[in-house]
Structures are given as structure tokens and as C-alpha cells.
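Note that the protein sequences, when read in sequence, are chains A, B, C and D.
So the first sequence is numbered by this note's numbering: it starts at 1 and just counts up by one.
So the second sequence is numbered by this note's numbering: it starts at 1001 and just counts up by one.
So the third sequence is numbered by this note's numbering: it starts at 2001 and just counts up by one.
So the fourth sequence is numbered by this note's numbering: it starts at 3001 and just counts up by one.
Have a look at the structure below, then the notes.
Number of protein chains: 4
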Amino acid sequence: MRDGDDVARLIVACPDRPGIIATLSTLLAESGANIISSDQYSTDPEGGRFFLRMEFHLERLAQRREAVEARLRSVAGEFGMDWRISVAGVRQRVALFASRHDHCVLDLLWRRQRGELDAEIVCVVSNHPDLEKHVLPFGVPYHHVPVTPARKAEAERHQLELIEGRVDLVVLARYMQVLSTEFLERVGAPVINIHHSFLPAFAGPAPYAQAHQRGVKLIGATAHYATEDLDEGPIIEQGVARVSHRDTPAELARIGRDLERVVLARAVQWHLEDRVIVDGNRTIVF
Amino acid sequence: MRDGDDVARLIVACPDRPGIIATLSTLLAESGANIISSDQYSTDPEGGRFFLRMEFHLERLAQRREAVEARLRSVAGEFGMDWRISVAGVRQRVALFASRHDHCVLDLLWRRQRGELDAEIVCVVSNHPDLEKHVLPFGVPYHHVPVTPARKAEAERHQLELIEGRVDLVVLARYMQVLSTEFLERVGAPVINIHHSFLPAFAGPAPYAQAHQRGVKLIGATAHYATEDLDEGPIIEQGVARVSHRDTPAELARIGRDLERVVLARAVQWHLEDRVIVDGNRTIVF
Amino acid sequence: MRDGDDVARLIVACPDRPGIIATLSTLLAESGANIISSDQYSTDPEGGRFFLRMEFHLERLAQRREAVEARLRSVAGEFGMDWRISVAGVRQRVALFASRHDHCVLDLLWRRQRGELDAEIVCVVSNHPDLEKHVLPFGVPYHHVPVTPARKAEAERHQLELIEGRVDLVVLARYMQVLSTEFLERVGAPVINIHHSFLPAFAGPAPYAQAHQRGVKLIGATAHYATEDLDEGPIIEQGVARVSHRDTPAELARIGRDLERVVLARAVQWHLEDRVIVDGNRTIVF
Amino acid sequence: MRDGDDVARLIVACPDRPGIIATLSTLLAESGANIISSDQYSTDPEGGRFFLRMEFHLERLAQRREAVEARLRSVAGEFGMDWRISVAGVRQRVALFASRHDHCVLDLLWRRQRGELDAEIVCVVSNHPDLEKHVLPFGVPYHHVPVTPARKAEAERHQLELIEGRVDLVVLARYMQVLSTEFLERVGAPVINIHHSFLPAFAGPAPYAQAHQRGVKLIGATAHYATEDLDEGPIIEQGVARVSHRDTPAELARIGRDLERVVLARAVQWHLEDRVIVDGNRTIVF
């Protein structure tokens, strides 16, 4: 048995009203669970929306999970709850998409190798062959799927064949192609992107060139869920670094790489730990 | 009625075991309260110590508080709970101690004037007369109590007469005298100090001179509860700022002032909101 | 004599080519000056633009300044130099514009009072009467000039009468009115504004509400020279602070106030020390 | 010819007095050099010590370097100058020392591979075999030199044989052994160490456990030159990250790894670019 096999997370979203925590914590206590941590947030105690993440330990969780879920179903209707339980010990499967830049992909692979990132990286998909030699030593399959404007739909079909139904998360680790709405609908898993600017500043292409041109004194990186509106999805995490008039666009890009990899790694880790809940175009990060 | 008169905070510390949250949240729900926010922390789910802060709304709190407290007493013994309830709408009374530096005192007075800091600043006590003219426009009494090595005990008696039993918090806003153990025992209120270094580095006098001499590349400020061991009390908040070889000790002090006032203000505000719980020599900040 | 009366700064901009530093440093050495600090920047050593700030000490500067300037004129033509000399000991005259928010105005007045900011603050101009009682204790005149859409031109004429020819710098310390192009042309002094967002994100009104709505994880503040294109002028300094989903727009504004005042204070100080050189829409900050 | 073969850096330290910059910039101009950047610092314009770094471009530098150096020798005596010239295009040779932690070693190897770090990494020396499989794909030799208390002197002799006279810099990339004074004297190259705390706080072993025990709210990392006084050498760069009461020592270590690698990488890069000058126990970083 792995560490974490008896630890689960209950994620709940529902209209706010009195009694939710009492109901859920009593339900878990009566099921024999010990609450390890609990976070909650309400957009407005009067008529707002309520969000909760409870991490609990329950001996022999595998055998008793169904009973807990049955109890949850019995109260979910009354409160109008959306809910799910995930088991900490179950490794999520992740596909990484990349282009030519290696820093985000290698950083995630290193973190996986070191045991920091508790996930199974099932493959790297890239529209270029460049990174294959760096990825293979990690024992992760590398799929080169060229993308041209003319044959983009075909490329996306190929990408979907590789990952559809096989991954719980797709991470765009500096993947420089825009994914179609059809792809995002069919992939059946959340997609996290890293944008190399402090969104909403410098959305779109070449943000470091834009930042240099505007003369900003800080540059940023933004990890967000990809949606059909490019660079407009819910933001998970952001970071910034100080720059000066001396920094050329190439130097901004170099400084930015250190930002991008840590901002993306934090967002992916939080997502895998079920800490990120999407509420419209905003995220709650517990 | 003030905003906050019907909002209270329940602070609990006890040995960790299953059922605490269920018990407390049910108790509050049955009392008619709606939980606005809830934070918890356990040093170890197996045999550790459990800490909780629940903020709740209860109509006509003033009339119903006693009933809630009676219920709490009825379960506290079983769980071995230390607990207290504080009402958000009750302004805590704060005394500020200062010497010659004005930045921390003025900053707290500005925040109070602007309504950021929800407290009553009952007086400023200083061992120098310098700041009186800056404090009086805020309508806060200024007590000049000179302190000399020979007559320190007498000075502390005078200080205690001014504040004993009249304040809920003492803030040492760059007060450059060491308070005796007797003072700390008798004052009957927590004491928050701002130390102008990143503790535990550069404890003791002249930290900016020490920092310059050691050639650090960042300077810091630390807000902590004062204890009889100088600069050793539980840390509430810390901040840092970047410096370079060009900065003289005087310039470190100038840069540090901006740190000190925001670090101290955050610590004071968190304390007043009952977000800080002391656990031995560490703090839990919810 | 004040400290700084014998210290001057030479600011130069010209096409880059070999020999500029040798020429200028020799010229200063032959004039008897000792260079205290020297900063230079070239947009491109091949055909770019060169910028220099040299701080030097020259005994009896007042008597000898004209001789130094004559030497400079004799080489400026050959190199195509724009240049100026400013004396560190001459206090620049500054007008502060404000509306109802007190934090930036009070912070600058306080830094002046402490001696941190080496300037003469000649007056505060506001379109509201609210801050008068807070400004007067600093001994600075307060001019209440109401601004309505219908009488804006008249209000600006009044403002110009108060300051035209009497100030070296105008600081918009959270002045919530847009100044007309005519005003900016006639005022005859640079104008520094603080915008309460990380520009270019959230330009325009209500940036904290915009930031909340977009769900960013960091908020920012930007000090920039005001130009006729609102929020588009050259950026001098920026800062950010971390926020979370829990922060309402009002809490973003509270957190932002601490940013705004330090970002603005740094920009004003750097400007007064002749550290900021405008190069198109970018600034060089030495 | 490599980029940088015609770019050199002149590093000077001497007693401060008027005319140094004029003399050196004229000397370089008369040699045909174009100054690309120039930084200077004086501990005190009156009787202090003066430090300078001038980067210049000189066509056919290899042939003309000797002439420039002869000119420098001719003025060095008069000014009491310590000086040296280094050619930007000459890659310095670096040995990395490591133990079991991979993050700093892999980060430096990766930066070298990307071309970010302009150095030749000649070997990795470790007292453990663990990292060999991760290092070899970078094409860098890996030397496993076990170190036991009883045979430490022998191990150091072996290490010296591997690198003595073959490297310009030794980087202790989380090397968990203390090097003897004899080693530091004989190695004939500067040694940069990364310490996993914000020095001088938490010097010595297990700094993350110490930090957890003290309850700090920020953790740090410090890159410094190694001297015979452990953790007391001149500091080159420091960084910090925010932590909370929830973070165990293991989590502090995880958060700290991201700090350590960037702080060390910056220090190494600045050293390689001749930006770091040691002045007693402090560093000047241009």
C-alpha cells in the first residue's frame, strides 16, 4: 500500500447557507474519518457560492469509500452540492505538450524524478523533434506530431489518439501552438498553460518583446487553465521578476524562464493536490 | 450597532483527535450561527495539537453569546480544549510604545485614522519628547516617561500605571528600551515588537550596522511577541528588501523603515483579527 | 553652505561612439572635479544612443560651474550631445496633486519632513477639501480647486496660476482627474503619476475592480511620467503584492495602498536625484 | 572566432583619488577600445577604496592585448592599482562538487547545455555515486570520491589531483562535506558555496530544521565564497521565499531547492562575468 491510499480529499461547491460544514464534518466523523485539513471559502455568506476542500484519513479507505459516497449522495441534493472525492494515493496521469523550449518540460520531469511531483507523466507530445534526446533519459515516451497551418486538424486528431482517455491532465509546457476549441472539448481533461507574461498584460505572441517595448520594470509569468479564449482562462498562479532598461528581449526571456518553470510547477502541483477550484473565470486556490 | 457586532471568532487549541470539527460546527449550527470562515491546523494528525479559528455570524449575538459559551463549556472538558470567543465588533485597546523614530508610530496612527486598523489607540508612551507634536494631531494622548538605567524600574512602574488594565495589546513601535520580565508579567496584555532585522540574524543592537558589516544582500524586519528572552519570542511576520554594496548603514536604515512599518502593521492587524495563535515558540497565522 | 552645494550631476545623451567617457572624465578631471559615481548605458554600442550620469564633487562649484559648462559646450557639438548639469544641493520645488486618498500625499509629506526626500513641497492642490486638515500640520499650503466636467478648463487655469513657473515637478499622488494636453504642455515641468495597477494591465478607471474580476494572483502599482495618452507614459518604477481569491476589491485597494506609496516615493526620489532619463517611451533608471 | 574574443573586462581596485576614470578611459580610448559598460564604486570618496569594472571592445584584441597591458602597467604604480584583464570569449573551467542532492548540479549543467552559462564544466566530483546516471547524459565526467572522517585527507588529495591546475572555479553545488583549510589553499581557484539558509541565520548543519524550529516566516539561500571559516565567507547573492506554520522541515527543503538553484546560478554567472569583487568580507557586485 502506498502512502496516501487511506487519505482522500472531498471537494464541494454549492450555494452558501448555514449548516454545510456541520453536516459534512459530522458525516465524515460518523464514517470514521479524521479530518486532516479543511479549507473553505464563500463568495458571500448571504446568497453566495460556497467552496470546500476537506482532506481526511480513513482506514481501509478502498473498502469504505463507497459507503462514504452513498452518505454524501444522501445530503448532496438538499444542499445542491457539486462534489467529488479523490484519493491522494492515486497518481494522476499527465501529458506534457512542448515545442522547442526545454525548460518547463525538463523542470517537470526533474520534479517527477525527484519525487516532488506526485504524478505519472505518460508522454511528451511536441510539434518539433528537438527535445526527444533530453526527454528519453527520463523513460518517458516522446511523440513528435508536426503541426502545419494546413494540417492542424489532422495533427490534433493524432494528438487526441495518443492521449484521449489516458490522461487526467494536459500541461502546455511552452507549447507554441493554439489548440482548437474542438480539441479542448474532446480531450476530456483540464489543460494548464504557462503564458510568459503577467496576464492580462501582454497577451498574445512575443510577450517579452512587448514588455521590452513598453519599458516595464517587472516581467511576469502566468499559469492558467486553457480555454477557447486564448490567454483568457482562469489564472492559477503568477510570478514576477525585476528587470531594467539594460535587459534586451533575449535577456527578459532568460530571466523569464526561471519564472515560468516555478510558476508552472506550482500550478501543476496545486492542481494535482485538488487545491484549485474553478469559479467562473476565477480560481480558488486552497 | 456596529458592523461586526454579530460576528464572533471562536479560537480553540486542544489535542488532535477525530470529531473536533464535527462537534464544534454542529454546536454552532444548532446555535443558529453561520460559519463565515474556518481555518484549522494540526501539528500532527496522530497525537499532535489541533488549532482552530472559526469566524461566525449569529443574529443578536450579544444576547445569545452566553448560551453558545455554555454549550462550548459542555464539550470543552471532553476534548481538553482551550477556547475563547471574541466579538469582531469590539475594538481592542492598544498602547503604542516608541522612542525617537516616528515611522512605525505614524504609520499605525494613519492606518487607524483611515479606518484600516480596527482598534482604539489609547495612548503613545515614549521615553523621549520628540514625537509628541506629531502624535497630538491624531487626538491620541502622549505620555513622556524618561527611562534611565538607574531609574528604569520606576519608569516601568509609571508606564504600568498608565496602561495596566486599560489595554488589550501593547505595540513596541521601535521602542529602543528592553522591558523587564516583571513588566511583561504585570502588563496583562500581549506585547508585539518590531525588530529591524531578519531574525534570528542580527539580534541585539544596531542590526543595520551588523548587516552592513556582514555584507548581506537582503535586509529584513521581524514582528514578534516580546518575551523575556530578547529577540527570541514567537515570530508573527517577516519581510525583506534587496540591498547592495552601495548602501551605507544609514541607507539600510532608510530602506528598512519601509519594511518595518508594513511588517509591524500586518502583525498588529492579524493579531487584532485573532489570526495569530502562539504554539510554544512558533506562531500559527490563519 | 548646504551639503551637496559642491556636488553636481552631469546628464548626457548622444549617439554612441568611442571616446565619450574618456572625453568627459578628462574634462571633469582637468576642471578639478572628483567623480563620485558614474553610470552609463548604450542602446547599442554600434550606432545606438548613449546615456550617462556622472556625479562629481567640485570645490567652490558655484564659482566654477560656468567654466565647466563652457568646456562642455566646446565638446558637445562634436559628439551631438544633449547635456545638463544640476547641483545636488539645490532643492527642487514640487507640487502635489491629490483627490480624497491620503496615503500617497501623507507619505511624501512625511518623507520630506524626515529629510528622506530632498525637495521643497510648495503646495498640495486637490479637487476635494478632505485632506486639508491632514496636510496643514506639515506646514504646506493646501489649495482646494474643485473640478467639474463643465468647468474643467477653468479649474486647470486656476491650477496653472498656482504652480506655473514655480515648480520643477508635479506629482499626481492619486489625483483622480485626467489632465488635459493643454495643461501638460503649459505646466512646464515633468509630471509623475501613480497608477494603481501593474501597467499595461488594467489601464483606465477602477483597476482593483478589474483585477478582482480577472482573478489575478498579484496586484501592482506603476509610477510613470504623465503624457497626453492616459496611462501610456514612460514607466519609472513598478511593484507588486500577492493577493488571493479571498481578497475583495476593497481589500485589494487596501493592500495596494502600501504598494502605491512606496512605488511613487521611489520614482519621485529617483527623479529628484536625476537618475531617470526618458528615451522615447522607456526610461533609463541609473 | 567566438563572440566575445574581442571583448575584455578591466577590473581595478585602488585607493580612491581624482583622475582614475579619466586616466583609464583615456588609456583605453587611445588604445582604440570602445567602452561597452562601466561600473565603479568607492567605499568613500575621501580616502576610501575604489573599484572599477570596464567592459570594452577592441578589434583584434588577441594581438593588441599586450600593448594595452603595458600601458596599464605604466599607470598602475602611480595609482597603487591592483588590476587584471579577462577576455569575455575565454570560457572559464569549472568543477562542480556535489553529494546526493541533484537540483543544483542539474540546474547548472542544464544552463551550460542551453548556452546560458558561458563556462566549460570540466567534471562533477561527488562523495556519492547517486548522481552519476543524471550527469553522464550531459557529457561531463563524474568522479566518485568517497569521503569518510578517517580518510578525509586522502579523499581531498584525490580531489585535488582531479582538478588542481585544471579549473578556474570550484562550485560546491550542495556538497555536504566541509573542505579543509589545506584544500582551500591548494586548490588555486575561488570556491563558491550555496548554503541553504539566509546567512548569517542558521549557519551550520540542518538549516531547514533550525528554521522550522525557530518558526521563521521566510526561508533563504545564500551563495558565498568558501573560506576556512565555515559559512562566514563573503556573500555574493541571497534569496528568500515565504513559508508558513504548515510547512514541515521537508517542505521547507522542497521550497528551498527552487531558491538554492537560482541563487547559486546567479552567483556563478556573475562570477564568470567578472562582476564580483571581494573587498574584505564583503562583495561588490557590479
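The beta-carbon is built from N, C-alpha and C at its ideal position, and this holds for glycine as well.
Everything numeric in this text was worked out from a predicted model, so none of it was measured.
Here residue 1032 of chain B is actually not in contact with residue 1061 of chain B; their C-beta atoms are around 10 Å apart, not less than 8 Å. CA-CA distance, residue 3276 of chain D to residue 3270 of chain D, rounds to 6 Å. C-alpha of residue 1041 of chain B to C-alpha of residue 1047 of chain B: approximately 13 Å in a straight line. Residue 3107 of chain D has its alpha-carbon roughly 21 Å from the corresponding atom of residue 124 of chain A. DSSP, read as helix, strand or coil, puts residue 1138 of chain B in helix. Annotation for residue 126 of chain A: the continuous beta strand (DSSP E) segment containing it runs 119–126. In the structure shown, residue 3042 of chain D falls within a strand segment according to DSSP collapsed to helix, strand and coil. In chain order, 27, 31 place their CB closer than 7 Å to the CB of residue 71 of chain A, counting only its own chain and leaving out the 5 sequence neighbours on each side. For residue 3245 of chain D, the C-beta contacts it makes with chain B under 7 Å involve 1041, 1282, 1283, 1284, 1285, in order along the chain.
About 5 Å separates the beta carbon of residue 260 of chain A from that of residue 194 of chain A, a gap short enough to meet the 8 Å contact definition. Put simply, the CB of residue 2261 of chain C is far from chain A, with every gap to its CB atoms at 8 Å or more. By the neighbour-count definition (other C-beta atoms within 10 Å, threshold 16), residue 3063 of chain D is an exposed residue.
When 7 Å is used as the limit between beta carbons, residue 31 of chain A is near no residue of chain B, the shortest such separation being about 10 Å. By the Cβ neighbour-count rule, residue 2217 of chain C is buried, with 16 or more other Cβ atoms within 10 Å of its own. The residue among B/1045, B/1076, B/1090 with its C-alpha nearest the C-alpha of residue 1005 of chain B is B/1090. In the three-state DSSP reduction, residue 3177 of chain D falls in the coil class, being neither helix nor strand. Apart from sequence neighbours up to five positions away, the residues of its chain that approach residue 3176 of chain D with a beta-carbon distance below 7 Å are 3099, ordered along the chain. Excluding the 5 residues flanking it on each side, residue 2228 of chain C has same chain C-beta neighbours closer than 8 Å at 2181, 2184, in chain order. The secondary-structure analysis by DSSP pairs residue 34 of chain A across a beta bridge with A/57. Going by C-alpha positions, residue 3119 of chain D is about 17 Å away from residue 3164 of chain D.
Identification of chain C residues near residue 3038 of chain D by a Cβ-Cβ cut-off of 9 Å yields 2021, 2038, 2039, 2040, ordered along the chain. Across the structure, residue 3268 of chain D and residue 1257 of chain B are spaced so that their CA atoms are roughly 32 Å apart. Between residue 2270 of chain C and chain B, the shortest Cβ-Cβ separation is not below 8 Å. With its beta carbon at least 8 Å from every one in chain A, residue 1074 of chain B lies outside the interface. Beta-bridge partners of residue 148 of chain A (DSSP): none assigned. If the five residues before and after residue 3283 of chain D are omitted, its C-beta is found closer than 6 Å to the C-beta atoms of 3234, 3236, 3276, all from its own chain and listed in chain order. Chain B has no Cβ within less than 8 Å of the Cβ of residue 2132 of chain C. At the C-beta level, residue 1189 of chain B and residue 1168 of chain B come within 8 Å of one another.
For residue 271 of chain A, the enclosing alpha helix (DSSP H) has its first and last residue at 249–272. Neighbours of residue 215 of chain A in chain C, taken as residues at a C-beta separation under 7 Å, are given in chain order as 2234, 2235, 2281, 2282, 2283. Burial state of residue 1044 of chain B is exposed, judged by a 10 Å Cβ sphere holding fewer than 16 other Cβ atoms.
From the listed residues D/3263, D/3142, D/3050, the smallest Cα separation to residue 3082 of chain D is found for D/3050.
Distance from the CA atom of residue 1007 of chain B to the CA atom of residue 1273 of chain B, rounded to whole angstroms, is 12 Å. One thing to note: residue 3207 of chain D has its Cβ within 8 Å of the Cβ of residue 3196 of chain D. For residue 3103 of chain D, not one C-beta of chain C is nearer than 8 Å to its own C-beta. Not a single C-beta of chain D is nearer than 8 Å to the C-beta of residue 82 of chain A.
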